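Be aware that the sequence shown starts at 120, since it is given in the numbering used here, and climbs by one per residue.
Cβ coordinates follow ideal geometry from the N, Cα and C atoms, glycine included.
For clarity, every value in this text was computed on a predicted model and none was experimentally measured.
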Amino acid sequence: MISAYYACKAEPERPQRLGRRERHCAEDFTKKEDEEDDRIGLRHRRRTDRGAVPEEPGRRGHGRRERRPDDESDAPTTKHDAPKEKVKRATETNEESDSEALIEKIQAKVSETKDKDVRRFLKLLIRHERDSAALKARFAAMEITMMEKEKSIERLITAMANITKKCDDLSERFFEQLRPHVEGLRTAIRSTGVVIELKMGTENLEALNKALSNAEEMCCTGVEAFYTAEEFCIDVEQQLNFTLEPSRFRMRQSRDGRQVAAFHVPLHRVEELLSKKIIVGWTANIAIQRSSWKPRCRKCLEIGHIEATCKGPDRKDRCLRCGMFRHMDGRQSTLRPSGGCVTNHRQRASQQQQRNICQWPRWNTKTFSREAFVEGLWWNGFSSEEHDARKMAKALTNACDLAMPRIRNTGRRRQVYWWTEAIANLRRDCGYIRRRLKPSSDSEEEPPEENSRSPGN
120 MISAYYACKA
130 EPERPQRLGR
140 RERHCAEDFT
150 KKEDEEDDRI
160 GLRHRRRTDR
170 GAVPEEPGRR
180 GHGRRERRPD
190 DESDAPTTKH
200 DAPKEKVKRA
210 TETNEESDSE
220 ALIEKIQAKV
230 SETKDKDVRR
240 FLKLLIRHER
250 DSAALKARFA
260 AMEITMMEKE
270 KSIERLITAM
280 ANITKKCDDL
290 SERFFEQLRP
300 HVEGLRTAIR
310 STGVVIELKM
320 GTENLEALNK
330 ALSNAEEMCC
340 TGVEAFYTAE
350 EFCIDVEQQL
360 NFTLEPSRFR
370 MRQSRDGRQV
380 AAFHVPLHRV
390 EELLSKKIIV
400 GWTANIAIQR
410 SSWKPRCRKC
420 LEIGHIEATC
430 KGPDRKDRCL
440 RCGMFRHMDG
450 RQSTLRPSGG
460 CVTNHRQRAS
470 QQQQRNICQW
480 PRWNTKTFSR
490 EAFVEGLWWN
500 GFSSEEHDAR
510 KMAKALTNAC
520 DLAMPRIRNT
530 GRRRQVYWWT
540 EAIANLRRDC
550 GYIRRRLKPS
560 SDSEEEPPEE
570 NSRSPGN
């Protein structure tokens, strides 16, 4: 600013003589500069007439609003920063007043001088001064924003330090509470123990301890289908002096229509119970044996392991029963699979269509005779389960034959109440006419009408 001030005070040197071409270029340049100055001055007057903030004349876009000390953005944040802010604002206002005074002096000098080169030089100085003022204002705003960001970063750092301190305190308390449990798990693992993960809030630990006791699964096959689980538990308690818990006992259906009772027995009583037999309901001498149930993998359809430990091929899209593709177990086909296919396929059913669904005889229960039925119920001693079942079925059949007559099979078609002789004649005539109108495959000649039968006859 000092150099510009002395430049205004000093006498301008006489410019060198220019050529015609250079003189024309300088005249065009000064003419454009004058037009631009006139346009900017006109815009400045219009904005002041509308009541807007006055913009300093100069280059387009370099007009800036003067900073006021009473702005909300410039208000001091703390009490300690107040004197610093006041000193800073005082220096800014002094600098702005000096620059404005210098610009006014340069403009007065421009109006006094008539040399175009000097005027152009002075205008460049004015623009430079205005640009420097705008840059100072920008740098001041950037300093304010940077100071605010630094303060916010300091606040965040202090907040994060407090949060980390609280997390450290909580983690120390948690590890103090968890340390005895961790030591117990370590000792259990070292002593070849089993570690079991439970859900949060497990309260029934007694049932868990019972479930983890050493036991082996035993079973009794051939239990009658009508026999309940409560009755089986009562018989076992009376004959074996052994209490069965409901959580460790189950009944499942077998393929022959009977049931299989599976229950857990302590290891020290397994050998004792294997040599014993019990009487359950009407079935005598049911042996106690080890359970033959084995897990099945649903990935490779093999027996002996589960899907979590399977290393075989993936056969999930195959049928579990026949091992074929494109159908599931409930919609299996009757086709025989290939020899290399893993399957549970049975022998193929008969394809001959039977006339009746059931093959056992039926009797007329309206003429049932109780005395004859009781006399017919007789058979010899027992030998084996299959032979006894056949013998019992034969004895029941004979007793029913003695007590009541059998119902004869009348065929599939049954008589209906609405059928009459007129309907039968019409049906017969319609069939005759249809056969007559149908073209003959042997010849194309129509049959003679003499031997034709009238529909009325």
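{"Query": "Local conformation of Ala543 per DSSP, three classes", "Result": "helix"}
{"Query": "Continuous alpha helix (DSSP H) stretch holding Ala348: start and end", "Result": "Ala348 to Leu359"}
{"Query": "Cα-Cα separation between Lys255 and Lys242, rounded to whole angstroms", "Result": "20 Å"}
{"Query": "Inter-stretch contact (C-beta, 8 Å, three-pair minimum) for the stretch 506-515 and the stretch 543-552", "Result": "no"}
{"Query": "Nearest-angstrom beta carbon gap, Val342 and Gln378 [assumed within contact, 8 Å]", "Result": "4 Å"}
{"Query": "DSSP beta-bridge partners of His383", "Result": "Glu336"}
{"Query": "C-beta atoms of Leu515 and Ala491 nearer than 8 Å", "Result": "no"}
{"Query": "Under 8 Å between C-beta atoms of Thr232 and Arg238", "Result": "yes"}
{"Query": "CA-to-CA distance, Pro414 to Pro432, given in whole angstroms", "Result": "17 Å"}
{"Query": "Beta-bridge partners of Ala491, as assigned by DSSP", "Result": "None; Ala491 has no bridge partner."}
{"Query": "Best match in Pro524, Gly495 and Arg527 for proximity to Lys513 [C-alpha to C-alpha]", "Result": "Gly495"}
{"Query": "DSSP beta-bridge partners of Lys396", "Result": "Ala406"}
{"Query": "Where Val420 falls, given that 16 or more other Cβ within 10 Å makes a residue buried", "Result": "Note on residue identity: the sequence assigns Leu, not Val, to residue 420. Under this definition Leu420 is a buried residue."}
{"Query": "Where Phe345 sits in the DSSP three-state scheme", "Result": "coil"}
{"Query": "Residue closest to Leu244, alpha-carbon to alpha-carbon, out of Glu350, Ile222 and Arg489", "Result": "Ile222"}
{"Query": "Exposure label - Asp190; buried when at least 16 CB within 10 Å", "Result": "The pLDDT assigned to Asp190 is 45, lower than 50, so where the model puts this residue is not dependable, and the model offers no usable value."}
{"Query": "Residue environment, Arg437, which counts as buried when at least 16 other CB atoms sit within 10 Å", "Result": "buried"}
{"Query": "Separation of Lys435 from Cys429, as counted between CA atoms", "Result": "12 Å"}
{"Query": "Met370 - containing beta strand (DSSP E), residue span", "Result": "Phe368 to Gln372"}
{"Query": "Top-ranked residue by Cα proximity to Ser366, from Arg374, Ala381 and Glu356", "Result": "Ala381"}
{"Query": "Test item: CB-CB of Asp354 and Ile407 under 8 Å", "Result": "no"}
{"Query": "Separation of Cys352 from Gln358, as counted between CA atoms", "Result": "10 Å"}
{"Query": "Distance CB(Thr486)-CB(Pro524) smaller than 8 Å", "Result": "yes"}
{"Query": "DSSP three-state assignment for Arg417, whether helix, strand or coil", "Result": "coil"}
{"Query": "Local Cβ density within 10 Å of Ala252, reported as buried at 16 or more and exposed below that", "Result": "buried"}
{"Query": "Burial state of Ile276, where buried means 16 or more other Cβ atoms lie within 10 Å", "Result": "exposed"}
{"Query": "Pairwise C-alpha distance: Met370 and Phe345", "Result": "12 Å"}
{"Query": "Close-in-space but distant-in-sequence residues of the same chain around Gln372 (CB under 7 Å, 5 per side omitted)", "Result": "Gln378"}
{"Query": "Backbone secondary structure at Ile263 - three-state DSSP", "Result": "helix"}
{"Query": "Bridge partner(s) assigned by DSSP for Gln378", "Result": "Val342 and Gln372"}
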